[in-house]
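What follows is one structure encoded as structure tokens, with my remarks underneath.
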Amino acid sequence: MFIKIEPRPEPSRAMKYLSPLLAAALMLVSGLIIFTLLGKNPASAFHAFFIEPVNDLYGIGELFIKASPLMLIGTGLAVGFRASIWNIGAEGQLAIGAILGGYIAIIFNDSSGFFILPLMILAGAVGGILWASIPAFLKTVFNANEILVSLMLNYVAILLLAMLVHGPLRDPNGYGFPQSVLFADSAILPVLLEGTRLHLGVFLSLAGVVVGWVFLLKSFTGYQIQVAGLAQKAATYAGYKYKKLIWIGLLSGGVTAGIAGVLEIAGPIGQLLPSVSPGYGYAAIIVAFVGRLHPGGIFLSSLLMALLYLGGESGQMNLDLPSAVTGIFQGLLLFYLLAADFLINYRIRLNTLQQEAD
Numbered sequence: 298m299f300i301k302i303e304p305r306p307e308p309s310r311a312m313k314y315l316s317p318l319l320a321a322a323l324m325l326v327s328g329l330i331i332f333t334l335l336g337k338n339p340a341s342a343f344h345a346f347f348i349e350p351v352n353d354l355y356g357i358g359e360l361f362i363k364a365s366p367l368m369l370i371g372t373g374l375a376v377g378f379r380a381s382i383w384n385i386g387a388e389g390q391l392a393i394g395a396i397l398g399g400y401i402a403i404i405f406n407d408s409s410g411f412f413i414l415p416l417m418i419l420a421g422a423v424g425g426i427l428w429a430s431i432p433a434f435l436k437t438v439f440n441a442n443e444i445l446v447s448l449m450l451n452y453v454a455i456l457l458l459a460m461l462v463h464g465p466l467r468d469p470n471g472y473g474f475p476q477s478v479l480f481a482d483s484a485i486l487p488v489l490l491e492g493t494r495l496h497l498g499v500f501l502s503l504a505g506v507v508v509g510w511v512f513l514l515k516s517f518t519g520y521q522i523q524v525a526g527l528a529q530k531a532a533t534y535a536g537y538k539y540k541k542l543i544w545i546g547l548l549s550g551g552v553t554a555g556i557a558g559v560l561e562i563a564g565p566i567g568q569l570l571p572s573v574s575p576g577y578g579y580a581a582i583i584v585a586f587v588g589r590l591h592p593g594g595i596f597l598s599s600l601l602m603a604l605l606y607l608g609g610e611s612g613q614m615n616l617d618l619p620s621a622v623t624g625i626f627q628g629l630l631l632f633y634l635l636a637a638d639f640l641i642n643y644r645i646r647l648n649t650l651q652q653e654a655d
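Residues in the sequence shown are numbered from 298 upward in steps of one, following my numbering.
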């Protein structure tokens, strides 16, 4: 019996939506194999990794806190990705947003005005936009590769954040630790559910997903973005300004990443640290593609990715697993998604020897 791969007459609509589910299932199967190879009981490990983190109200709150920046950034990145504009710099844009938003909180640390949180969010959005405008400018003026430019700027932003919290923004009463002062209550997002850490930023992220859905699927600019992603020459022939779409695509990711940076420091962290993100800017890329670049799908995939973060932490505490296990699961999810996407345009047939001879 032989395996034959043949192109489909047209892309499979069913496989477009089934491939993320197939990728998630294969990731889970691979996880069980990994747990077994590490000498862990697969059932106990599966429970500790995927069930225990969300088996109470506090855990569910933590799930949404982890998913919040992922769904917000993923929605912003999806705008550019739909136009084939590849912003890989969300991690750096998040850091710059956190720097500017955190600086506002430090300046007004002795104040109690209601304006502080909105001003922090505005500063974070501006920071993300400014950082994303660098690859946008270089792309539209010099045709620079936005993937390389945005990726390299991540390191600049992260090192800039580390330099500031080791120097000018370091807490003078912090015993030399690289961290800013703790933010005042007026610069902290209010907790919405007693007994959890669920804060207002989660609902702001959900609002961002709704705005992204309206923009991408209900606006004319969103339609232009989709056309440009499918056929750039056709979009240009139709009169669409592709350079404008480049700016929109890159700045959309920048503004959401910058706001996500502020929501992190004003939420679970409460101050500036050398690293305010465990890699949300990179993980949001996986979230966007697992969600099929659709805001609704991104919301669901952000919950899955958040569960992987929580499961990794639970695995370290309860199973003595290495910290790299979260990255392994994220990588497996992306790998299997890319493999499953092959079945959108191709199908596999099994041929017997007689069929092969004929």
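A virtual CB, placed ideally from N, CA and C, is assigned to each residue, including glycine. These figures come from a predicted structure and were not determined experimentally.
Applying the criterion that 16 or more other CB atoms from any shown protein chain within 10 Å of the CB defines a buried residue, is residue i buried or exposed?
i: Thr553; result: buried
i: Ile275; result: One cannot answer for residue 275 here, as it falls past the ends of the chain, which runs 298 to 655.
i: Asn451; result: buried
i: Pro619; result: exposed
i: Ser365; result: buried
i: Arg310; result: exposed
i: Leu548; result: buried
i: Pro469; result: exposed
i: Ser516; result: exposed
i: Val326; result: exposed
i: Asn648; result: exposed
i: Thr333; result: exposed
i: Leu456; result: exposed
i: Leu354; result: exposed
i: Phe596; result: buried
i: Phe639; result: exposed
i: Phe626; result: buried
i: Gly612; result: buried
i: Gly473; result: exposed
i: Gly386; result: buried
May I have the straight-line CA-CA distance separating residue i from residue j, to the nearest angstrom?
i: Gly398; j: Phe512; result: 26 angstroms
i: Ile302; j: Gln521; result: 34 angstroms
i: Ser409; j: Gly394; result: 22 angstroms
i: Leu315; j: Leu458; result: 40 angstroms
i: Ile566; j: Leu490; result: 18 angstroms
i: Leu666; j: Gly371; result: In this structure the chain extends from 298 to 655, so residue 666 is not present and cannot be described.
i: Ile645; j: Pro308; result: 14 angstroms
i: Leu503; j: Leu369; result: 7 angstroms
i: Leu360; j: Ile348; result: 12 angstroms
i: Leu479; j: Arg467; result: 11 angstroms
i: Lys313; j: Val506; result: 21 angstroms
i: Pro475; j: Lys337; result: 37 angstroms
i: Val573; j: Ala532; result: 39 angstroms
i: Val499; j: Pro306; result: 43 angstroms
i: Ala340; j: Leu616; result: 12 angstroms
i: Ala402; j: Gly471; result: 17 angstroms
i: Ser377; j: Asn384; result: Note that residue 377 is Gly in the sequence shown here, rather than Ser. When rounded, the distance between both Cα atoms is 7 angstroms.
i: Leu570; j: Gly609; result: 21 angstroms
i: Phe411; j: Leu329; result: 49 angstroms
i: Gln568; j: Ser483; result: 13 angstroms
i: Gly519; j: Pro592; result: 13 angstroms
i: Ala321; j: Glu443; result: 30 angstroms
i: Gly558; j: Pro304; result: 43 angstroms
CB-CB under 6 angstroms to residue i, same chain, minus the five flanking residues each way: which ones, in chain order?
i: His496; result: Leu486, Val488, Gly564
i: Lys540; result: Thr437
i: Ala454; result: Gly389, Ala392, Ile393
i: Ser381; result: Gly526
i: Arg379; result: Ile522, Gln523, Gly526, Leu590
For residue i, list the residues DSSP reports as bridge partners.
i: His496; result: Val488
i: Pro304; result: Tyr643
Excluding the five sequence neighbours on either side, which residues of its own chain have a C-beta within less than 7 angstroms of the C-beta of residue i, listed in chain order?
i: Lys363; result: Ala603, Tyr606, Leu607
i: Leu367; result: Tyr577, Ala580, Ala581, Val584, Ser599, Met602, Ala603
i: Ile357; result: Val351
i: Ala433; result: Ile543, Trp544, Leu547, Leu548
i: Gly492; result: Leu354, Tyr355
Only counting the same chain, and skipping five residues up and downstream in sequence, which positions put a Cβ closer than 8 angstroms to that of residue i?
i: Pro317; result: Val587, Gly588, Arg589, Gly594, Ser598, Leu634, Ala637
Next item on the list: Any chance you could list the alpha helix (DSSP H) runs of at least 4 consecutive residues sitting entirely within the stretch 587-632, in chain order?
Entry: The alpha helix (DSSP H) runs lying completely inside the stretch 587-632 and spanning 4 residues or more are 592-615, given in chain order.
Next item on the list: Only counting runs of 4 or more residues, tell me where the alpha helix (DSSP H) segments fall wholly within the stretch 314-348, in order along the chain.
Entry: 339-343, all fully within the stretch 314-348.
Next item on the list: Would you mind listing the alpha helix (DSSP H) stretches within the stretch 371-448 that are 4+ residues and don't spill past its ends, in chain order?
Entry: Correct list: 387-404, 413-439.
Item checked: Completely contained beta strand (DSSP E) runs for the stretch 526-558, where each covers 3 or more residues -> Within the stretch 526-558, no run of beta strand (DSSP E) at least 3 residues long lies entirely inside it.
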